[in-house]
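Have a look at the structure below, then the notes.
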Amino acid sequence: MTHTEEDLVTGPEAIARVKELVEDIDFTMLTTRDAAGNLVSRPMSTRQMDDAGDIWFFTLAGTGKVAEAQADPQHDVGLSYLDSKGHRYVSVAGRAEVVRDEAKMKELYSPSLDIWFEDGLDTPGIVLLRVTPVECEFWEPRHGKLVAAAGMLKALVTKDTPDDTMSHGKVTC
């Protein structure tokens, strides 16, 4: 799966594709650094990637992820999206910020979140976590997942590097 710079998707096309993938894959692993310096990840459900590129999540203000993100001098976090069936992947390096905005919370909340927030938007401590991307990368099948799977199977049999199977995009925000 090696790519040359000519193969790299960039600019508005890459930004649009990242948005589609982030909103379609839904669950991500949010990574922060704990007090001992260890990288710690936990699953989060993406609510939206807005037109400005910010990615929004609901959480509780008193959680470790919030404390860890706020303790980092730059508020650096990582997001890792994985769609194993579709062979689609997104990596986001960004900066996290806790947001308490009632209008935005009403816009993004749905009853499916009641499993984590028993009292909905009235749950004590409920906040939004906004991740502003700094750099994003994605990988997905160039010609659909069946063609990618066939290319990978062929590479296993022939012991060759897979042909032109994956599209790779990179965006510096």
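Position 172 of the sequence shown, counting from 1, maps to 192 under this note's numbering, and the rest follow consecutively. C-beta atoms are modelled at their ideal positions from N, C-alpha and C, and glycine is treated no differently. All of these numbers come straight from a predicted model, not from anything done at the bench.
On the premise that residue j lies in contact with residue i, defined as a C-beta separation below 8 Å, what is that separation, rounded to the nearest angstrom?
i: R18; j: F77; result: No answer is possible for residue 18: it lies beyond the span of the chain, which begins at 21 and ends at 193.
i: D103; j: I45; result: 5 Å
i: G145; j: G106; result: At roughly 35 Å, the Cβ-Cβ gap does not stay under 8 Å, so G145 and G106 are not in contact.
i: M80; j: M64; result: Reading off the sequence shown, one finds Leu at residue 80, where the question assumed Met. At roughly 12 Å, the Cβ-Cβ gap does not stay under 8 Å, so L80 and M64 are not in contact.
Which residues bound the alpha helix (DSSP H) around residue i?
i: R37; result: G31 to I45
i: G98; result: Per DSSP, G98 belongs to no alpha helix (DSSP H); it is in the beta strand (DSSP E), D96 to D103.
i: A123; result: E122 to L128
In three-state DSSP terms, what is residue i?
i: H188; result: strand
i: G114; result: strand
i: S61; result: strand
i: L80; result: strand
i: L28; result: coil
Report yes if the C-beta distance between residue i and residue j is below 8 Å; otherwise report no.
i: V42; j: Y101; result: yes
i: V97; j: V147; result: no
i: T48; j: K85; result: no
i: V38; j: V191; result: yes
i: V118; j: L149; result: yes
i: E160; j: R120; result: no
i: L99; j: I75; result: yes
i: A72; j: G189; result: no
i: S132; j: R162; result: no
i: H95; j: A87; result: no
Which two residues bound the contiguous beta strand (DSSP E) that contains residue i?
i: E155; result: I146 to P161
Checklist entry - For the segment 110-130 against the segment 153-160, are there 3 or more C-beta pairs whose distance is under 8 Å? => result yes
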